[in-house]
Structure formats: C-alpha cells, structure tokens
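Engineer:
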Ligand code: HEC
Ligand code: HEC
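In the UniProt record's numbering, the protein residues as written are 1 to 386.
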C-alpha cells in the first residue's frame, strides 16, 4: 500500500477502519497491545501526510507546514460582474440612506471592487492555517452572523463576543464598527479580524504576500483599482465595498411600505408597539427602516459585569434588526437564546427589552416581517469558491 492511498483513504484505510481493527484485536485477545498498534497506525499516517506535503513542496525538510498555493481552488465568477453599485433601492429606504450613508468619498461601491471584496470575504487564504474565512463566522444564511455564542478562530480559540450580522452596515451613520464601536470606519474594521490572534492570525505583510500569491487575484485587482498591485489598503477598500453592498430590501415589511402587501392584525399591533408603546419605544433606539441603533449610549439594560462596552460605559451598538429572527443567539455576549426569551424575560427581565405577556406575540410577529432571505441569498453575495 502506498502512502498516497493510505492518506487519501482509497484502499486499506477505508475498508479496515479503526473499529474493525479493535474487533480483530478483541478476537485475538490482544487488548493490551491495542494501544501500541493504534500508535503505529497513527505514526504511519503522520509519516505519510508529511511525505505527501514534501512532494508538493520543493523544500527538502519535512518539519515545516508548507504554504499551499491552492491552485485547484479558484473562484467562479461571471464574465460581466454582478451589479453592486446600482442597488435600485425602494424609496422608503433610498431616502433614509441618503441621510445615513457612511460610504467615504474615496471608496464608493463599484461592481469590480465589490467583486474582489466578495472573493476576499470567502477566501480561507486570509487565515494563518488556510481554514477560516470571514464567512466562517459570518454565514450568509444567518444574515452573515453565527449561530454559536462565541465563534471559533483558526486555531480553535473562541472570540470574546458574539459575532454580528453584516447587513445594512452602510446605514450606521457614524460608521463605527463592533459592539463597542472600537473601529472608527468599516475600512479600518475589515483588517482587524485578519490580524486578530484568535480569529485569522496574519500580519498585514503576510496578508499581502498570501493574496499576491494566488493566481486569481491580479486580474481582480486590475479591474477594481487599475493595477495588479496588492496592498492591505486595497484589500480593506474592496472588503468594505462588498459589505456596504449588502442591503435588505425585500422583506414583508418592505412590501407593506410599498403598498404591495398588508400586515396581519398581530403584525400591525406589533409595529405600533415597536414605534409608540409608552415606556418601551423600541424605535427610539432601533430606528426604522433599517432598525439600526441610533443612540447606542442609551441604557438598554442587559447586565454584564465582564464587558466594558463603548469607552468603558457598558453601552453597546446593536446591528440592524433586519433578519433578526435568523440571528440567534442575541446581544453582545450571545446570552439571550431567542426573541421569545428576550421579550418574555424568561432568563431574567432585561429592562427596555421585556414586555407585557400579551404583547410578546405581537412584537414577535412584527419582527418576523423584517426577515428577507431573498436579498441576501442572491448569487452575488454567495461563496464563489464552489
Ligand atoms: C473567528 C470569527 C470571526 C471571523 C473569522 C471574522 N469575524 Fe467579523 N466579527 C466576529 C465577532 C465575534 C464580531 C464582534 C466582535 C466585537 O464586537 O468585539 C465581529 C464583528 C464584525 C463586524 C462589525 C459589524 C458591526 O455592525 O459593527 C464586521 C464589519 C466584521 N466582523 C467583518 C468581518 C470581516 C470582513 C472578516 C474577514 C476579514 C471577519 N469579520 C472575520 C467574528 C469573526
Ligand atoms: C435604550 C435603547 C434601546 C431600547 C429602548 C430598545 N433597545 Fe433593543 N437593543 C439596544 C442595544 C444597545 C442593544 C445591543 C445591546 C447588547 O448587545 O449588549 C439591543 C439589542 C436588541 C436585540 C438583539 C440584537 C442582536 O443582534 O443581538 C433585539 C432583538 C432588540 N434589541 C429588540 C428590541 C425591542 C423589540 C425593543 C422594544 C421592546 C428594544 N429592543 C428596545 C437598545 C435598545
């Protein structure tokens, strides 16, 4: 048996897996020797993996992890780029965007720029071990958030906070990013996970080198920026363009606002509570139509002694509540498992977020009208490496 077939699981390893080895050893009353045999199997396996790595890498030593050039993994892209710049927003959204947009003058969304950003967003080359991409913790089907309370980085370590959804980012007027707003702009934010020692673990030099080494990037940089030069500044701009292009416009809520659908009585009552209810006034902090925090400094109520929040004030940003029904768990520490729990105060009442029992169902019904799978599941936002 060659090393290759062993490692690839073509012959022996597939047919006679570890369970079968255990059974044979049991039959032969050789239990005591089992550990020794399993150790040998694992040594052969490691030897073979190492040997394979050497043959694909011209280096003569086999005790370093080879930097794979990954030529087999190239993105599939349309010959004419998808449309990202011209979003055709409905008027109830376009007007608000005009007043709230955090897009800087030197980095407008272009079709080629966002196309490059899309590839970068899904590329595992942006992590030290080639195992993690931005999308590992920001999954399209979850409104680009993560169902885990804390997300896993490249070496298995966990993030300090719960991942955030990445829709409607351009509607946050101040442009500040993260729960504690520590990134001043989206362009600054997007390079931070790359350099984070839990999340992706690269220096900016390593990032530039790895990106420049992939066969598919020169053409993408040429189209986006007019030359093939790879810089971290260009990487940041492209990622920011892609993310700013992700806007939700096709929820039931939008159809109702355009006169193309009607709320049910529960949904309508829920909207009224959200906008007007006496001491709740959810909308005072989560402003329509994108339901993104407008006053992150206001006391919102989740007790957490371990997190200092924005400038040590224990206040936090909240992302757009669009698609909120799909982004559980909730809050910066992921401590609230469902919207129902939050509204009903099941795990302890959170001031500003717990309502009378009769209103729970209405607010839930209304928040569900913010769900828009159509916009974010378009091909142009999906993983091009497939
Ligand atoms: C290992 C998981 C992980 C990876 C990988 C990751 N993120 Fe995140 N992301 C998070 C977490 C957790 C937060 C919230 C962190 C905080 O606020 O302290 C976050 C927050 C963000 C935000 C802030 C959103 C807002 O509304 O303020 C943006 C933007 C973002 N990530 C983009 C990216 C991009 C781009 C990449 C790839 C270059 C990436 N992330 C990779 C876990 C991850
Ligand atoms: C005083 C401002 C304020 C008011 C009023 C308020 N919220 Fe919030 N809300 C926030 C902030 C800030 C956060 C994020 C806090 C955190 O994660 O620590 C948040 C988080 C949330 C979340 C979780 C979002 C996520 O991505 O995890 C939901 C859902 C939510 N609010 C809904 C509501 C509803 C419904 C109401 C009315 C019943 C309401 N909020 C009233 C400020 C407010």
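Built from N, CA and C at the ideal position, the CB exists for glycine as well.
In three-state DSSP terms, what is residue 332?
Structural biologist: Of the three classes helix, strand and coil, the one that applies to residue 332 here is coil, per DSSP.
Engineer: DSSP three-state call for residue 257: helix, strand or coil?
Structural biologist: Helix, per DSSP.
Engineer: Rounded C-beta distance between residue 337 and residue 328? I'm assuming under 8 Å.
Structural biologist: Their Cβ separation, rounded to whole angstroms, is 6 Å, which keeps residue 337 and residue 328 in contact under 8 Å.
Engineer: Between residue 384 and the rest of its own chain, which residues show a CB-CB distance below 8 Å, the 5 nearest in sequence each way excluded?
Structural biologist: Cβ within range, chain order: 75, 76, 77, 118, 119 and 122.
Engineer: Looking at chain D, is there any beta carbon in it that lies within less than 8 Å of the beta carbon of residue 154?
Structural biologist: Among the chains of the structure shown, chain D does not appear; only one protein chain is present.
Engineer: Provide the residue(s) that pair with residue 145 in DSSP beta bridges, ordered along the chain.
Structural biologist: 139.
Engineer: Tell me whether the beta-carbon of residue 243 lies closer than 8 Å to the beta-carbon of residue 142.
Structural biologist: For residue 243 and residue 142, no; Cβs fall outside 8 Å.
Engineer: Can you give me the Cβ contacts of residue 144 inside the same chain, cut-off strictly under 6 Å, excluding the 5 residues immediately before and after it?
Structural biologist: Cβ within range, chain order: 138, 165 and 166.
Engineer: Comparing alpha-carbon positions, which option in 361, 91, 174 and 255 lies nearest residue 101?
Structural biologist: Residue 101 has its Cα closest to that of 174, out of 361, 91, 174 and 255.
Engineer: Starting from residue 276, trace the alpha helix (DSSP H) in both directions and tell me its first and last residue.
Structural biologist: Taken as a continuous stretch (DSSP letters only), the alpha helix (DSSP H) holding residue 276 covers 265-276.
Engineer: Please report how far the alpha carbon of residue 306 lies from the alpha carbon of residue 158, in whole angstroms.
Structural biologist: Those two C-alpha atoms are separated by around 16 Å.
Engineer: Tell me the rounded alpha-carbon separation between residue 196 and residue 346.
Structural biologist: Each residue's alpha carbon lies about 35 Å from the other.
Engineer: State the Cα-Cα distance for the pair residue 368 and residue 340, rounded to the nearest angstrom.
Structural biologist: Going by the C-alpha atoms only, they are around 12 Å apart.
Engineer: So, does the region 259-271 touch the region 371-385, judging by three or more C-beta pairs under 8 Å?
Structural biologist: Touching, no, given that fewer than three Cβ pairs across the two stretches are closer than 8 Å.
Engineer: In three-state DSSP terms, what is residue 219?
Structural biologist: Correct three-state label for residue 219: helix.
Engineer: Between the C-alpha atoms of residue 116 and residue 276, what's the straight-line distance to the nearest angstrom?
Structural biologist: Going by the C-alpha atoms only, they are around 43 Å apart.
Engineer: Using DSSP's beta-bridge definition, name the partner residues of residue 287.
Structural biologist: In DSSP, residue 287 forms a bridge with 292.
Engineer: Can residue 161 be considered in contact with ligand 1, in the sense that its beta carbon sits closer than 7 Å to one or more heavy atoms?
Structural biologist: Residue 161 Cβ: within cutoff of ligand 1.
Engineer: Assuming residue 273 and residue 362 make a contact with CB atoms under 8 Å, what is their CB distance in whole Å?
Structural biologist: Yes, residue 273 and residue 362 are in contact; Cβ-Cβ is about 6 Å, under 8 Å.
Engineer: For residue 79, count neighbouring Cβ atoms within 10 angstroms of its own Cβ and tell me buried if that reaches 16, exposed if not.
Structural biologist: That one is exposed.
Engineer: Any chance the CB of residue 132 is under 7 Å from a heavy atom of ligand 1?
Structural biologist: Flag set: Cβ of residue 132 near ligand 1.
Engineer: Thinking just about the alpha-carbon of each residue, which of 310, 308, 374 and 324 is nearest to the one in residue 286?
Structural biologist: It is 324.
Engineer: Closest by CA to residue 85, which one among 224, 256 and 316?
Structural biologist: Cα-wise, what sits closest to residue 85 is 224.
Engineer: Mind checking residue 293: buried by the 16 CB within 10 Å criterion, or exposed?
Structural biologist: Buried, since its Cβ has 16 or more Cβ neighbours within 10 Å.
Engineer: For residue 220 and residue 302, what's the separation of their Cα atoms in angstroms?
Structural biologist: Computed Cα separation, rounded: 44 Å.
Engineer: Report the three-state DSSP secondary structure of residue 164 (helix, strand or coil).
Structural biologist: If DSSP states are grouped into helix, strand and coil, residue 164 belongs with coil.
Engineer: Kindly indicate which residue of 250, 202, 96 and 148 has the alpha-carbon position closest to the one of residue 370.
Structural biologist: Nearest option by C-alpha distance: 250.
Engineer: Do residue 208 and residue 194 have their beta-carbon atoms positioned less than 8 Å apart in this structure?
Structural biologist: Contact: no.
Engineer: What's the gap between the Cα of residue 268 and the Cα of residue 256?
Structural biologist: Cα to Cα, the separation comes out at about 10 Å.
Engineer: Express the C-alpha separation of residue 266 and residue 191 in angstroms, rounding to a whole number.
Structural biologist: Between residue 191 and residue 266, the C-alpha separation is close to 43 Å.
Engineer: Nearer than 7 Å: is that true of the beta carbon of residue 186 relative to any heavy atom of ligand 1?
Structural biologist: For ligand 1, at least one heavy atom lies less than 7 Å from the Cβ of residue 186.
Engineer: Determine the closest residue to residue 163 out of 140, 237 and 374, with distance taken between C-alpha atoms.
Structural biologist: Nearest of 140, 237 and 374 to residue 163, Cα basis: 140.
Engineer: Do you know offhand how far residue 218's Cα is from residue 199's?
Structural biologist: Taking the straight line joining both Cα atoms gives about 26 Å.
Engineer: Buried or exposed: where does residue 125 fall if 16 or more other Cβ atoms within 10 Å of its Cβ makes it buried?
Structural biologist: Looking at its Cβ environment, which holds 16 or more other Cβ atoms inside 10 Å, residue 125 is buried.
Engineer: Apart from the five residues on each side of it in sequence, which residues of its chain come closer than 6 Å, Cβ to Cβ, to residue 160?
Structural biologist: So no residue of the chain qualifies.
Engineer: Please tell me whether residue 114 and residue 245 are closer than 8 Å, where the distance is taken between their beta carbons.
Structural biologist: Yes. Within cutoff.
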